[in-house]
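For reference, the structure discussed in these notes is given below.
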Amino acid sequence: MSVGTRVRVFNRTMSVNYVSDELVRVFLTLANQMGLGVDYVQDNRRVLTDGLRTWLSEGSLKATYLEVYDQSGNLITRFDLQIQYGSIVEDEEAFYSDIESAKLAARKVGVIPTRCRYRIVVSKEPWASSVAGWSDTTLLSTHGLRARSVGDLVGSPHIKSSMSLWIR
Amino acid sequence: MIRQMEVRRTIASTPVRNVDETCERLLELAGEWGGAELVGDLSPAQGVLSGVVLERAPLNMPLIVEYDTHFLELYCAYETDALAIDEEDESLPSRIPHPAGGDLVWKLHVPCPASLWKWASAQIKTAGIGKWCLLESLENASRKNEKSCTAQGITDATLVDIETLRAAMGKSGNQRG
Numbered sequence: 161m162s163v164g165t166r167v168r169v170f171n172r173t174m175s176v177n178y179v180s181d182e183l184v185r186v187f188l189t190l191a192n193q194m195g196l197g198v199d200y201v202q203d204n205r206r207v208l209t210d211g212l213r214t215w216l217s218e219g220s221l222k223a224t225y226l227e228v229y230d231q232s233g234n235l236i237t238r239f240d241l242q243i244q245y246g247s248i249v250e251d252e253e254a255f256y257s258d259i260e261s262a263k264l265a266a267r268k269v270g271v272i273p274t275r276c277r278y279r280i281v282v283s284k285e286p287w288a289s290s291v292a293g294w295s296d297t298t299l300l301s302t303h304g305l306r307a308r309s310v311g312d313l314v315g316s317p318h319i320k321s322s323m324s325l326w327i328r
Numbered sequence: 003m004i005r006q007m008e009v010r011r012t013i014a015s016t017p018v019r020n021v022d023e024t025c026e027r028l029l030e031l032a033g034e035w036g037g038a039e040l041v042g043d044l045s046p047a048q049g050v051l052s053g054v055v056l057e058r059a060p061l062n063m064p065l066i067v068e069y070d071t072h073f074l075e076l077y078c079a080y081e082t083d084a085l086a087i088d089e090e091d092e093s094l095p096s097r098i099p100h101p102a103g104g105d106l107v108w109k110l111h112v113p114c115p116a117s118l119w120k121w122a123s124a125q126i127k128t129a130g131i132g133k134w135c136l137l138e139s140l141e142n143a144s145r146k147n148e149k150s151c152t153a154q155g156i157t158d159a160t161l162v163d164i165e166t167l168r169a170a171m172g173k174s175g176n177q178r179g
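In the order they appear, the protein sequences are chains A and B. Counting in my numbering, the final residue of the first sequence is number 328, and the numbers go up one at a time with none missing. Counting in my numbering, the final residue of the second sequence is number 179, and the numbers go up one at a time with none missing.
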C-alpha cells in the first residue's frame, strides 16, 4: 500500500463538516461531564447535525445553547456557543477543537441537582431555512446567573465558535 | 485463532467527511471487501457507528469486520491527518473468498469509549443486533497495551527515539563503519 502525501484543498464544506460535528461533540462532552447522560444528544444527533449543517452552510446560524434546567423549568446553567464566519485561512492547523476546555467549563458548574434535564437551542437569522425536527422556542431566563467567557472552542478556515457559560 | 487474511485501512473523517459520510464510507468498504449484501446486513449498526465515529473511537482502535479467519480493520483519521489521506489509499484488494453454500456469519467489533457504553449497549439491544455487533472497550484495550509492554519489559525508559540516538552517537564520536 502506497502512502499518499497529497494534501486536500480546503473548502467551505469542510468547515461546515468540521464545525457541525465538533459542536455536537462539545454537547456530548458537556452532558457527560455534568452526569446528565448522552442519550438526548445521541438520539437526536441526526436532527442536530442536519440543522447545524444547513444553517452553517448558508451562514444563518448565530449561536447554539445547551440549557440545563430543573423540574420546575428553572435554568440551572447554560453554555453558549457563538458562531463567527470569517475569510479563508490557508492553514491546516486552522481545524481545531478544545474539548478539554469544554470539560473544564462543565466542571465549573459544580454538582447538578438530580432530575435535571437539558436541551439544545439555536438562534439563527430570520431568513434561515427550515429544518425538520426543530420547533420554535424561547430561551429560559438567565435571572440570577452570571456570564463568564470560556474562549475559542472550535475553529476552521471559514467558521469558528467561542463559548461562554452562565452560572450562579 | 489464526488470522488468515487481515486487511487494514484508514479513511478520512472530519473535515473531509462528516460523521454520516464517514459511516457510509466504512460500510461501503465493508461491502467492497465482503460483498454488497454485507452493507445491508451491517446497516442496522449505523446509529451506533455514527456515535463512536463522532467521539473519535476509531482513531486508535479499529472497527473490525470479522468473517471466519478474515478480518477487515478500519481506522478513521481526523483533522490534519484526514487532510493528508489520499483516496486511493482507501481502496481495498479484491473480495474475500466466500465458501460455497452455507450461511455467512459476520461479526462487527465496534470500539466504544466508556462515555458511550451505556447508550451504545441500549442501541444494540433495541436494534436486536447483539449477536453480531459487539462493543469493544477503548479503555480496556489501552490497559491491555500497557500490560503487554510491561510484560515484555518495555517501559518508557527503554524506548529510545532514533534521532536522539543518532545525536548521541555523533556527540560521542561513535560512527557507523
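Note that the Cβ used here is the ideal one computed from N, Cα and C, for glycine as well.
Residue i at chain A interface by Cβ criterion, 8 angstroms
{"i": "Leu-74 of chain B", "result": "no"}
{"i": "Glu-138 of chain B", "result": "no"}
{"i": "Ser-1 of chain B", "result": "In this structure chain B extends from 3 to 179, so residue 1 of chain B is not present and cannot be described."}
{"i": "Glu-141 of chain B", "result": "no"}
{"i": "Thr-160 of chain B", "result": "Unreliable placement is indicated for Thr-160 of chain B, whose pLDDT of 40 sits below 50; no coordinate value is reported for it."}
{"i": "Trp-195 of chain B", "result": "Lying before the first or after the last residue shown, residue 195 of chain B is absent from chain B, which here runs from 3 to 179."}
{"i": "Gly-53 of chain B", "result": "yes"}
{"i": "Val-21 of chain B", "result": "yes"}
{"i": "Leu-56 of chain B", "result": "yes"}
Separation of residue j from residue i, as counted between CA atoms
{"i": "Ser-15 of chain B", "j": "Glu-8 of chain B", "result": "22 angstroms"}
{"i": "Ile-242 of chain A", "j": "Ser-309 of chain A", "result": "Sequence inspection shows Gln at residue 242 of chain A; the Ile mentioned does not correspond to that position. Each residue's Cα considered, the two are about 11 angstroms apart."}
{"i": "Val-207 of chain A", "j": "Gln-193 of chain A", "result": "23 angstroms"}
{"i": "Ala-262 of chain A", "j": "Lys-320 of chain A", "result": "15 angstroms"}
{"i": "Leu-140 of chain B", "j": "Ala-59 of chain B", "result": "7 angstroms"}
{"i": "Thr-189 of chain A", "j": "Ile-259 of chain A", "result": "7 angstroms"}
Residues that residue i contacts on chain A, provided the C-beta gap is smaller than 7 angstroms
{"i": "Glu-81 of chain B", "result": "Phe-255"}
Residue i (DSSP reduced to helix, strand or coil)
{"i": "Ser-309 of chain A", "result": "strand"}
{"i": "Thr-173 of chain A", "result": "helix"}
{"i": "Pro-273 of chain A", "result": "coil"}
{"i": "Tyr-80 of chain B", "result": "coil"}
Residue-level contact to chain B via CB, residue i, 8 angstroms cutoff
{"i": "Thr-209 of chain A", "result": "yes"}
{"i": "Asn-192 of chain A", "result": "yes"}
{"i": "Ser-261 of chain A", "result": "no"}
{"i": "Gln-242 of chain A", "result": "no"}
7 angstroms Cβ cut-off: residues of chain B touching residue i
{"i": "Met-174 of chain A", "result": "Pro-17, Val-18"}
{"i": "Val-198 of chain A", "result": "Ser-117, Leu-118, Trp-121"}
{"i": "Gln-202 of chain A", "result": "Gly-53, Trp-121"}
Cβ-heavy atom distance, residue i to the ligand MN, below 7 angstroms
{"i": "Glu-90 of chain B", "result": "The ligand MN is not among the ligands present in this structure, which contains no ligands whatsoever."}
Presumed contact (8 angstroms Cβ cut-off) between residue i and residue j, rounded CB distance
{"i": "Pro-113 of chain B", "j": "Pro-64 of chain B", "result": "7 angstroms"}
{"i": "Val-18 of chain B", "j": "Ala-84 of chain B", "result": "5 angstroms"}
{"i": "Val-198 of chain A", "j": "Ser-117 of chain B", "result": "7 angstroms"}
{"i": "Thr-214 of chain A", "j": "Val-228 of chain A", "result": "Incorrect: roughly 26 angstroms between the Cβ atoms, too far for contact."}
Chain-ordered neighbours of residue i on chain A, where CB pairs are closer than 9 angstroms
{"i": "Leu-28 of chain B", "result": "Result: empty, since nearest Cβ-Cβ is about 15 angstroms, beyond 9 angstroms."}
Amino acids of chain B, ordered along the chain, whose beta-carbon sits closer than 9 angstroms to that of residue i
{"i": "Val-291 of chain A", "result": "Result: empty, since nearest Cβ-Cβ is about 15 angstroms, beyond 9 angstroms."}
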